[in-house]
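Peer 1: Submitted below is the structure of interest, expressed as structure tokens.
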Amino acid sequence: MKKYPRIYFQILRMTAALMMTYRLNLLVQGSFMIVYLLGFLFLINIVFSKTQSLGGWTRDEVILLFSVYTLIWGIIESFFFEGLRQFSISGVKNGDLDKVLTKPVNAQLLISFSTPNPATTPHEVFVAVLFIHQLFILHGQLYPANVLVATFAGFCSMGILFFLYSSYATLAFHFTNSSQALRALETISDNAQYPTKIYPQWLQPFLFSLIPIAFLGYVPTSFLLGRGDWKLLWITIGVLIGSFFINQFAWESGLKKYSSASS
Amino acid sequence: MVETIMSNQSIISIKNLKKYFKVYKKKPGLMGSIQSLWHREYEEVKAVDDISFDIFPGEIVGFIGQNGAGKTTTLKMLSGLLYPSSGKVQVLGFNPWDRKPEFQKQFALVMGQKNQLWWDLPAMESFLLNKAIYEVPDAQFKKTLDKLMDLLEVRDIVNIQVRKLSLGQRMKCELIAALLHNPKVLFLDEPTIGLDVVMQKVLRDFIKAYNKEFGATIILTSHYMGDVKELCKRAIIIDHGHKIFDGELQQIIDQYAVNKILSLTFEEEKSVIREQLEKFGEVKEFAFPKATILVKRTEAAKVAGKLLAELPVADVNIEEPSIEVIIRQVFESQHTK
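Same order as they appear, the protein sequences are chains A and B. Anchor point for the first sequence: position 8 equals 8 in this note's numbering, and the numbering is continuous, going up by one each time. Anchor point for the second sequence: position 189 equals 452 in this note's numbering, and the numbering is continuous, going up by one each time.
In structure tokens, the structure reads:
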């Protein structure tokens with residue numbers, strides 16, 4: 001099982017070398033994300049100057065939720081979202097999948113994780129500082145058991161997001177403009193920085209399934225703050241298992257339809 | 264349980280392989296585009312239609328066909344990229360589209376028109392990635408890489424960004440990336456496409472050397488008959504998805520070459536006119552003192568004797584037509600059928 005860490009280490013090495021070749025890109029992308037982060041904090045301060053809570057969450061809790069969301073989204077962006085995006089744009093249409101499918105490796109993992117995005121790293125460090133700061137502020141609400149469950153829920157959430165986003169990426173097997181689906185999910189993901197409870201009741205089931213933004217921040221943060229219950233935990237595990245099978249089915253059936261591209 | 268279809272000792276076995284694609288036919292122009300929004304016509308394209316053959320260890324087989332004949336589609340099925348519509352395939356005892364790692368570690372597919380190297384990085388980085396993917400031990404990697412770099416003379420370019428290499432240099436690096444794990448079976452899809460004659464020759468020599476050194480079985484598709492002539496004893500010709508010939512290259516000549524070419528040089532002090540030659544065969548070229556005549560294969564020796572007896576011939580050569588011409592005749596004869 002040392003094979004996959006070795007492959008990933010080499011990919012990271014290559015990506016880092018690539019990013020350093022285009023250093024200005026790195027600088028611009030990193031700076032842009034930090035501006036976005038400051039923008040959110042500014043906005044949330046304006047919102048909380050008019051109200052005491054948002055969907056039952058205090059200002060500090062919302063900022064913690066935001067930092068968890070930004071960390072999870074950053075991890076997704078850094079590790080697999082770009083790979084999925086590239087796949088949905090050219091993997092099937094241009095036959096780029098050919099060069100992966102013949103390799104003795106899980107092709108879906110390779111395409112997903114072959115385009116890491118280290119440009120988010122400075123941003124991640126900044127958010128990690130904010131996250132730790134919020135933990136100090138809210139330490140009265142934190143218990144070791146909650147931290148453990150939240151960590152578990154965080155890993156489950158990342159699994160769910162990987163499987164569901166991968167399933168959306170497999171739409172590329174069926175129509176050429178499938179990258180729009182991932183772009184839409186990316187845009188919608190901004191809404192994960194607010195508690196899921198603020199959204200209408202009828203919409204909430206979708207936020208735990210088709211548009212899985214609840215797992216981007218709300219679920220792990222709820223457990224961290226002791227707001228999560230058994231029902232939420234079982235939903236998380238159930239969605240993880242379901243999304244795994246959906247992804248397997250979507251990938252396998254897509255491959256059967258794959259016709260490569262003319263040479 | 265995989266049912267064995269491989270005949271005695273064959274390394275690749277194909278039985279009644281078919282691959283049909285459903286292709287959308289769009290009418291031209293804006294109206295055609297608008298109509299296609301609610302009504303679409305589809306056509307079934309038989310890319311590969313009932314092909315069977317066996318390939319044995321160590322063979323280099325030329326896979327010949329015009330554009331769209333089904334060569335690349337067959338190679339893609341052999342390497343597990345495409346599922347066939349029907350038929351059976353076994354490569355090294357595996358069903359390719361099961362995509363088992365044990366199988367994938369034993370073959371390589373090189374497409375002349377596609378690259379696997381990372382464009383903005385030196386080729387060496389891609390070699391290291393393949394080393395990790397194929398789990399090549401350090402010592403074997405070093406040994407193989409050294410050997411391949413020497414054979415292809417690329418030692419000084421593997422640390423230069425791929426996008427800064429010439430097409431030929433890039434192709435050499437592509438080959439190295441594909442061969443680092445010492446595959447037993449190699450599918451080469453037009454590896455010399457776009458290369459100049461010198462580079463074509465270098466790659467041919469390399470393929471020949473690789474086959475000899477590693478005993479690899481190679482299927483090669485190419486539009487350059489030079490590749491096939493120089494590398495392959497055996498050729499498989501496919502046309503519109505059908506196999507129309509499978510055998511030694513010499514057999515193609517025996518079977519399909521209708522004519523032989525008589526190249527004549529006349530004595531310069533005597534005069535010969537074109538009309539004198541026409542009774543012997545079809546005059547292809549005439550520029551005294553040289554002429555080229557096409558004569559029936561079966562009568563070539565007899566006609567040459569008559570020419571020597573009746574005309575002031577200083578030199579005569581009986582030649583086979585070029586393989587390109589013969590293959591063209593093969594396709595033409597198929598289309599007239």
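For glycine and all other residues, C-beta sits at the position ideal for the given N, C-alpha and C.
1) Below 7 Å between beta carbons is the criterion; list the residues of the region 372-394 of chain B that meet it against any residue of chain A, in chain order.
2) Along the chain, which unbroken stretches of the beta strand (DSSP E) at least 3 residues long are found entirely within the region 345-371 of chain B?
3) From which residue to which residue does the alpha helix (DSSP H) around alanine 440 (chain B) run?
4) Less than 7 Å between C-beta atoms, sequence neighbours within five positions excluded: which residues of the same chain meet that for glutamate 266 (chain B)?
5) Taking CB distances under 9 Å as the criterion, tell me whether serine 259 (chain A) reaches chain B.
6) Under 9 Å between C-beta atoms, does glutamine 10 (chain A) make it to chain B?
7) Just the chain B side, please: which residues come within less than 9 Å of isoleucine 7 (chain A) by C-beta, in chain order?
8) Are there three or more Cβ pairs, one per stretch, closer than 8 Å when the region 501-521 of chain B is compared with the region 473-490 of chain B?
9) Along the chain, where does the beta strand (DSSP E) that runs through arginine 285 (chain B) open and close?
10) For tyrosine 305 (chain B), I'd like the list of residues in its chain whose CB is within less than 8 Å of its CB, leaving aside the five on either flank, ordered along the chain.
11) Among the candidates B:Val448, B:Gln329 and B:Ser296, whose CA atom is the shortest distance from the CA of isoleucine 318 (chain B)?
12) So within the region 66-133 of chain A, which uninterrupted alpha helix (DSSP H) runs reach at least 4 residues, ignoring any that extend past its ends?
13) Which stretch, first to last residue, makes up the alpha helix (DSSP H) that contains alanine 150 (chain A)?
14) From what residue to what residue does the beta strand (DSSP E) around aspartate 578 (chain B) run?
15) From isoleucine 63 (chain A) to threonine 15 (chain A), what does the alpha carbon distance come to, in whole angstroms?
16) Give the C-beta separation of isoleucine 590 (chain B) and isoleucine 277 (chain B) to the nearest angstrom, bearing in mind that I take them to be a contact with Cβ-Cβ under 8 Å.
17) Going by DSSP, what residues sit across from leucine 451 (chain B) in a beta bridge?
18) Pairing CB atoms from the region 132-143 of chain A with CB atoms from the region 62-78 of chain A, are three or more of them under 8 Å?
19) Across which residues does DSSP place isoleucine 327 (chain B) in a beta bridge pair?
20) Distance check for isoleucine 11 (chain A) and aspartate 401 (chain B), CA to CA, integer angstroms please.
21) Thinking C-beta only, is leucine 225 (chain A) closer than 9 Å to alanine 214 (chain A)?
22) Taking only the alpha-carbon atoms, compute the straight-line gap between lysine 339 (chain B) and proline 454 (chain B) and give it to the nearest angstrom.
23) Excluding five sequence neighbours on each side, which residues of the same chain lie with their C-beta closer than 6 Å to the C-beta of methionine 488 (chain B)?
24) Just the C-alpha distance for lysine 496 (chain B) and serine 315 (chain B), rounded to the nearest angstrom, thanks.
25) Span of the alpha helix (DSSP H) holding phenylalanine 404 (chain B)?
26) Tell me whether asparagine 522 (chain B) sits in a helix, a strand or coil according to DSSP, three-state version.
27) Please state the DSSP three-state secondary structure of proline 385 (chain B).
28) So, does the CB of arginine 13 (chain A) fall closer than 9 Å to a CB anywhere in chain B?
29) Look up lysine 602 (chain B) in the DSSP assignment and say whether it is helix, strand or coil.
30) At least one CB of chain B closer than 9 Å to the CB of valine 92 (chain A): is that the case?
31) Mapping DSSP to helix, strand and coil, what is serine 585 (chain B)?
32) Using three-state DSSP, classify glutamine 424 (chain B) as helix, strand or coil.
33) Just reading off the alpha helix (DSSP H) that phenylalanine 245 (chain A) is part of, what are its end residues?
34) So with Cβ pairs under 9 Å, would you call lysine 339 (chain B) a contact of chain A?
35) Hey, is valine 105 (chain A)'s beta-carbon within less than 9 Å of any beta-carbon in chain B?
36) So, is the C-beta of glycine 343 (chain B) closer than 9 Å to a C-beta in chain A?
Peer 2: Quick look at the numbers:
1) Leu372, Met374, Gln376, Lys377, Gln379, Trp381, Asp383, Leu384, Glu388, Leu391 and Leu392
2) For the region 345-371 of chain B, whole beta strand (DSSP E) runs of length 3 or above, ordered along the chain, are 349-354.
3) 430-442
4) The predicted position of glutamate 266 (chain B) is uncertain, since its pLDDT is 46 and thus under 50; no value can be drawn from it.
5) So yes, serine 259 (chain A) belongs to the interface.
6) yes
7) Leu392, Ala395 and Ile396
8) no
9) The question names arginine, but residue 285 (chain B) in the sequence shown is lysine. Its beta strand (DSSP E) spans residues 275-288.
10) Lys285, Val286, Tyr287 and Lys288
11) B:Val448
12) Fully enclosed alpha helix (DSSP H) runs of 4 or longer: 82-86, 98-101 and 107-113.
13) Where alanine 150 (chain A) is concerned, the enclosing alpha helix (DSSP H) stretches over 144-169.
14) 576-582
15) 32 Å
16) Not a contact, Cβ separation roughly 21 Å.
17) The partner list for leucine 451 (chain B) (beta bridge, DSSP) reads B:Val373 and B:Leu483.
18) yes
19) B:Ile500
20) 18 Å
21) no
22) 15 Å
23) Ile586 and Glu587
24) 19 Å
25) 401-415
26) strand
27) strand
28) Yes, because at least one Cβ of chain B sits closer than 9 Å to the Cβ of arginine 13 (chain A).
29) Outside the displayed span of chain B (264 to 600) sits residue 602 (chain B), for which this structure offers no information.
30) no
31) coil
32) strand
33) 230-257
34) yes
35) yes
36) yes
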